[in-house]
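Here is the structure we will look at, set down as structure tokens.
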Amino acid sequence: MHCPRAMRLLSAILFLSLSGSVASADDVQPADSKHRVSLRIVKMLPETQQALLFDKDQGTHVVAESGLTIEGFLVDTVDEDSVTLIAEDGTEIVLTAPPRTRRTVAKASDQRVTTVAPANPYVDTAAPANPYAAPPAAAAPTAVVASPV
21 MHCPRAMRLL SAILFLSLSG SVASADDVQP ADSKHRVSLR IVKMLPETQQ
71 ALLFDKDQGT HVVAESGLTI EGFLVDTVDE DSVTLIAEDG TEIVLTAPPR
121 TRRTVAKASD QRVTTVAPAN PYVDTAAPAN PYAAPPAAAA PTAVVASPV
């Protein structure tokens with residue numbers, strides 16, 4: 021590799037290979053986004069197979085269920101976490117529900133769990149003493165009888 025001719029050949033090949041890949045990357049066209057969907061899922065209603073959608077363009081809420089047409093899209097299916105829309109040309113678009121947070125999971129469960137506070141072993145179970153009550157009567161002293169010795 022000490023030959024200048026070999027170095028020129030190697031640098032020419034390296035230059036052509038690097039510049040050729042850049043030229044081919046410029047030729048690729050981005051995919052057409054014909055179907056811009058302005059609908060977003062606000063809330064899923066799995067018990068009724070419906071979803072509450074928000075239309076960002078109109079600024080309105082829409083209830084979606086299978087078979088309805090909304091904004092030119094046919095609602096195909098409403099699952100527990102997604103809504104499938106079909107465009108006029110047959111393209112399927114899947115809207116996914118936002119991730120569930122702890123708060124929405126707790127609301128969705130709708131199970132009220134009542135817990136009983138644990139008993140304190142250091143507290144006397146008798147009624148608390150009344151500080152304003154009359155003092156208890158003193159017991160009479162017992163007589164000590166001397167025994168004969």
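Using our numbering, you'd call the opening residue of the sequence shown number 21 and step up by one each time.
The C-beta atom is built at its ideal place from N, Cα and C for all residues, glycine as well.
Among the options, the one whose alpha carbon lies nearest that of residue i
i      : options                          : result
Arg60  : Pro66, Gly79, Arg25 and Thr68    : Gly79
Ile106 : Ala117, Ala137 and Phe93         : Phe93
Val57  : Asp75, Lys63 and Gln70           : Asp75
Thr68  : Ala146, Asp99, Leu30 and Ser39   : Asp99
Thr116 : Met64, Ala146, Val164 and Ala163 : Met64
Glu108 : Glu91, Arg120 and Asn150         : Glu91
Residue i and residue j closer than 8 Å at C-beta
i     : j      : result
His81 : Leu88  : no
Ser86 : Asp101 : no
Ala84 : Val114 : no
Contiguous beta strand (DSSP E) assignments of at least 3 residues, all confined to the stretch 44-114: 59-65, 70-75, 80-85, 93-98 and 102-106
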